[in-house]
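Take a look at the structure set out below.
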Amino acid sequence: MTENRKLRIGFIPLADAAALIVAVDRGFAREEGLDVELVREVSWSNVRDKLNIGMFDAAHLLAPVAIASNMGIGHVHVPIIAPFNLGLNGNAITVTSALYEALRGHAEGDMADPKVTAKALAKIVLERRQKGLPLLKFGMTFPFSTHNYQLRFWMASAGVDPDEDVQMVVLPPPFMVESIKNGHVDAFCVGAPWNSVAVELGIAHILHFVSEILQRAAEKVLAMRVTWAAENRDALHALVRAHKKAADFIENEVNRDEVSRILSAPDRLNVAPEITRRTLDGRLKVSPGGDYRESDRYLMVGRRGAARPDRVQASWLYAQMVRWGQAPLAKELLLAARETFRPDIYDQVLGAGDLPPEQEPKDGIGAFDGPEFDPLDLEKHLSGWSIRRR
Amino acid sequence: MISLASQVFSESNLKIVIVDDSPVRSAILEEGLREAGHRHVIRVEGTDNLLERIYAIDPDVILIDLANPSRDVLEQMFRVSRAVKRPIAMFVDQSDSASIAAAVDAGVSSYIVDGLKKDRIKHILDISISRFNAFSRISTELEQTKSALEERKVIDRAKGILMKRKSLSEEEAYTLLRAAAQNEKKKIAEIAQSIITAAELLK
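If you read the sequences in order, they're chains A and B.
For what it's worth, this note's numbering labels the leading residue of the first sequence as 195, then goes sequentially.
For what it's worth, this note's numbering labels the leading residue of the second sequence as 14, then goes sequentially.
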């Protein structure tokens, strides 16, 4: 290769942009003949729009935004593909200390069990209604986001209707902590490092890792326009290879300190390296008092087949859009949702395989509530829920 | 004539909200819109209860700067939600990707009440683009003026050092600086800065 191919890629400063940031800053992209300029953005709307109009060649994007864009739901119809999954899980639900105490007061069982906390929430919601208190407010990052669906899935399991019994509000991640501090919201669901930042300030508790709600949920993807992919096949393949190298590098514990340092840089996440380190280790301080919770599922960047786009997860995300009234149920839309994820490109570039190991949940999702997910029969999946918009 | 007059009347009736944390820029935009005959222009700042404040105004058009993270908050208004009186759509004319690109380039994004005819607000978007561009031109010029002033100060200090240490006239000191800059293919201000640094070190 004579001259490096120049690319502009947008990202939001979050720990789940790790594979992209490490691919660029650790030199894996350069090894593949790519000269990548990373552009830090302040909103998902900006990332989406700049990707759509071609100001970005590729982007770190919410998986549901990529799917919605490809289906033409909620915004404009721009065909988008995701040949690499930047991460599974990685979000957490954080509540104010006051709500945490109330939940604990009502909990019948282990507070780490989402069934227990959802039931406790249902009781609090009822009490508040009887007392004429305002609805509890839950912050999440975007209408088309796993955060939105994870919160809804959790509370609806105990009969709390996310559109009637609480108020769901969109908040940009950097405003989450401030919003819980000034009482604007009672809880939020967001990716790292913001949950840890709130706990560190002594004003909130991490209630759940989202991996306790769903064991495998596609979180952010590496997204690009279909037309770009068709016209830039070599660059696309080089990008996928560089990301795979980066994901493997991140998952090797020997490299944790270096990865934390790379991610924490001022022009990347701009947080203390130890906070990034906690995220990568999946060992988070969950209470101001200093309790820790650990999970090997907290944020999975490449391990256990996390990097290979899984169409089961695309189906699940589309099912949530239907359940909550964001999209109609239609065969063509299900097809478009599934085809956003491109495991075929991943396999073509990296060789077939890289499937989740056997001990992973059989249905590819592993939800804490409800029957196994059937990615091809959404009608059945949806009819199983009493709280839904359709 | 009657139809034109009524059109002008109805357009000046559009309620426009500007969400921008730069008060100077939003003032420039508001002025532009008022000059074009829009009387209902409301500027909104800050993040607290942003959505509630916008609902209370019930605008026809929302203009927001792209550097504002609150843009994602507005996306909630697309959704069919009980809280929304009138759903909002992004101003996107898919046939006109050049105008979207121009808006993104200028750093402004616009949302309109669903159902509002796109051609009725095209000129609002055009005004936003040109005012945003004007603002960034002014900011760049201001920055340039500022740094030119800074450079002037640095060069004056370096000249002073040279005059004192080498007993030169002001003109000779400047000539020396310029010659060094040419030799090293650097800016005079850079050479001046290194003289100041060296002088500090050798104190």
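From the three backbone atoms N, C-alpha and C, an ideal C-beta is built for every residue, glycine too.
For the segment 50-68 of chain B, the set of positions with a beta-carbon nearer than 8 Å to some beta-carbon of chain A reads Thr60, Asp61, Asn62 and Leu64 in chain order. For the 9 Å CB-CB criterion, A:Gly281 and A:Lys414 form a contact. Ranked by Cα distance from A:Asn279, the options A:Arg536, A:His575 and A:Ala546 are led by A:Arg536. In chain order, Leu523 place their CB closer than 8 Å to the CB of A:Glu573, counting only its own chain and leaving out the 5 sequence neighbours on each side.
Classified as exposed, A:Asp428 has fewer than 16 neighbouring CB atoms from the shown chains inside 10 Å of its CB. Neighbours of B:Ile113 across chain A, judged by C-beta separation under 7 Å: Ile247.
Closest by C-alpha distance to A:Ala436, out of A:Leu315, A:Phe562 and A:Val230, is A:Val230. Straight across, the Cα-Cα distance linking A:Ala211 with A:Glu372 is about 23 Å. In this structure, B:Leu63 sits away from B:Val37, with a CB-CB distance that is not shorter than 9 Å. In this structure, the CA atom of B:Ser143 is about 29 Å from the CA atom of A:Leu201. Checking the DSSP bridge columns, you'll see A:Glu488 partnered with A:Arg477.
By the Cβ rule, the segment 540-560 of chain A counts as touching the segment 402-421 of chain A, because three or more pairs are nearer than 8 Å.
In the structure shown, the three-state DSSP call for B:Leu76 is strand. Annotation for B:Ala115: Ile142 place their beta carbon closer than 7 Å to its own, counting only its chain and skipping 5 residues before and after. Close to A:Lys375, with beta-carbon spacing below 7 Å, lies no residue of chain B; the smallest spacing is near 12 Å. The Cβ neighbour count for A:Ala424, taken over all protein chains shown within 10 Å, is under 16; the residue is labelled exposed.
Contact of A:Lys244 with chain B by beta-carbon distance below 8 Å involves Val117. The three-state reading of DSSP puts B:Glu44 in helix, counting H, G and I together. By the Cβ neighbour-count rule, B:Gly59 is exposed, with fewer than 16 other Cβ atoms within 10 Å of its own. Assignment of beta-bridge partners to A:Phe205 by DSSP yields A:Arg234.
Contact between the segment 477-490 of chain A and the segment 383-396 of chain A is present: three or more C-beta pairs spanning the two stretches fall below 8 Å. For the pair of segments examined, the segment 70-82 of chain B was found to touch the segment 123-133 of chain B: the number of CB pairs separated by less than 8 Å reaches three. For B:Phe148, the uninterrupted alpha helix (DSSP H) segment begins and ends at Lys131 to Lys179. Fewer than three pairs of CB atoms, one per stretch, sit closer than 8 Å, so the segment 511-521 of chain A makes no contact with the segment 281-293 of chain A. Taken in chain order, the unbroken stretches of alpha helix (DSSP H) that lie wholly in the segment 253-277 of chain A and span 4 residues or more are 257-265. The C-alpha of B:Glu164 is placed about 21 Å away from the C-alpha of B:Leu181. By the rule that beta-carbons nearer than 9 Å mark a contact, A:His378 touches chain B. Chain B has a Cβ within less than 9 Å of the Cβ of A:Val364.
Every alpha helix (DSSP H) stretch that sits fully inside the segment 366-393 of chain A and reaches 4 residues is listed by chain position as 367-375.
Residues of chain A whose Cβ lies closer than 7 Å to the Cβ of B:Arg84 are, in chain order, Ser237, Ser239 and Asn240.
The beta carbon of A:Pro387 does not come within 9 Å of any beta carbon belonging to chain B, so the residue lies off that interface.
Taking the Cβ atoms as the reference, A:Phe382 lies roughly 7 Å from A:Phe332, within the contact range of under 8 Å. Under the Cβ criterion of 9 Å, A:Thr335 is counted among the residues facing chain B. Ranked by Cα distance from A:Ala213, the options A:Ala530, A:Glu488 and A:Glu445 are led by A:Glu445. By the Cβ neighbour-count rule, A:Gln344 is buried, with 16 or more other Cβ atoms within 10 Å of its own. By the Cβ-count criterion, A:Pro550 is buried, with 16 or more other Cβ atoms from all chains shown falling within 10 Å of its own Cβ.
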